[in-house]
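Right, here's the structure in full:
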């Protein structure tokens with residue numbers, strides 16, 4: 047009888063020991079998972095910080111007429127928009143009056159630049175398609191922007207055939223600087239510029255912007 051009791055006690059001790067080992071293993075795995083999650087978050091946050099650049103924006107003055115700023119006028123007096131046809135690699139200086147000579151898309155993009163210059167957020171927002179607004183919001187009001195050194199480059203053109211109908215799709219690279227940027231229109235540039243790849247289509251029946259992709263330059 048004592049042997050039976052002793053065996054039962056030993057079995058209970060072994061069972062408790064196994065249960066304790068299992069509990070310890072589960073707790074260890076949980077702790078390791080938490081630590082791994084924290085490390086991953088830390089790495090991701092550090093990656094994002096490579097792209098975070100603090101710019102010192104100029105004060106915003108919604109009443110300012112930028113065409114009265116002599117320094118800005120000097121930056122634009124000899125022409126400030128250039129167009130490059132990537133198929134020929136020929137770059138030409140253009141202005142609002144002759145932009146249409148280089149195609150509907152170029153005329154559209156130059157008109158967009160003037161919306162930015164004139165601080166016309168309503169006209170600017172009307173240049174984007176429903177497809178764009180599925181993932182993006184319209185621009186809030188912004189001041190007149192002292193845009194200069196504008197470069198427009200054609201990247202590609204194609205005809206897209208779909209069951210709903212055919213349409214054209216064009217991609218352009220647009221780059222410009224903003225003198226005394228006050229951050230009301232763009233907060234991702236300071237004195238310099240970043241290339242933006244703009245996709246234009248007439249899928250809706252009129253030429254509109256479907257997407258804008260900005261080239262991100264990491265801080266080193």
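In our numbering, the protein residues as written are 47 to 266. Ideal Cβ positions, reconstructed from N, Cα and C, are used throughout, including at glycine.
- Distance between residue 187 and residue 217, taken at the CA atoms: about 26 Å.
- When C-alpha distances from residue 108 are compared across 261, 191, 241 and 121, the shortest belongs to 191.
- For residue 247, the enclosing beta strand (DSSP E) begins and ends at 242-247.
- Residue 211 is bridged by DSSP to 208.
- Within the same chain, 228 come within 7 Å of residue 105 by CB-CB distance, once the 5 residues on both sides are set aside.
- Counting only runs of at least 4 residues, the region 137-209 fully encloses the following alpha helix (DSSP H) elements, listed from N- to C-terminal order: 150-164, 167-171 and 176-179.
- In this structure, the alpha-carbon of residue 219 lies about 10 Å from that of residue 196.
- Under the three-state reduction of DSSP, residue 262 is assigned to coil, being neither helix nor strand.
- The secondary-structure analysis by DSSP pairs residue 116 with nothing; it has no beta-bridge partner.
- Your pair residue 254 and residue 175 checks out as a contact, with CB atoms roughly 4 Å apart and the cut at 8 Å.
- Residue 161 and residue 212 have their alpha carbons spaced roughly 29 Å apart.
- Under the 10 Å beta carbon count, residue 123 is surrounded by fewer than 16 other beta carbons and is classified as exposed.
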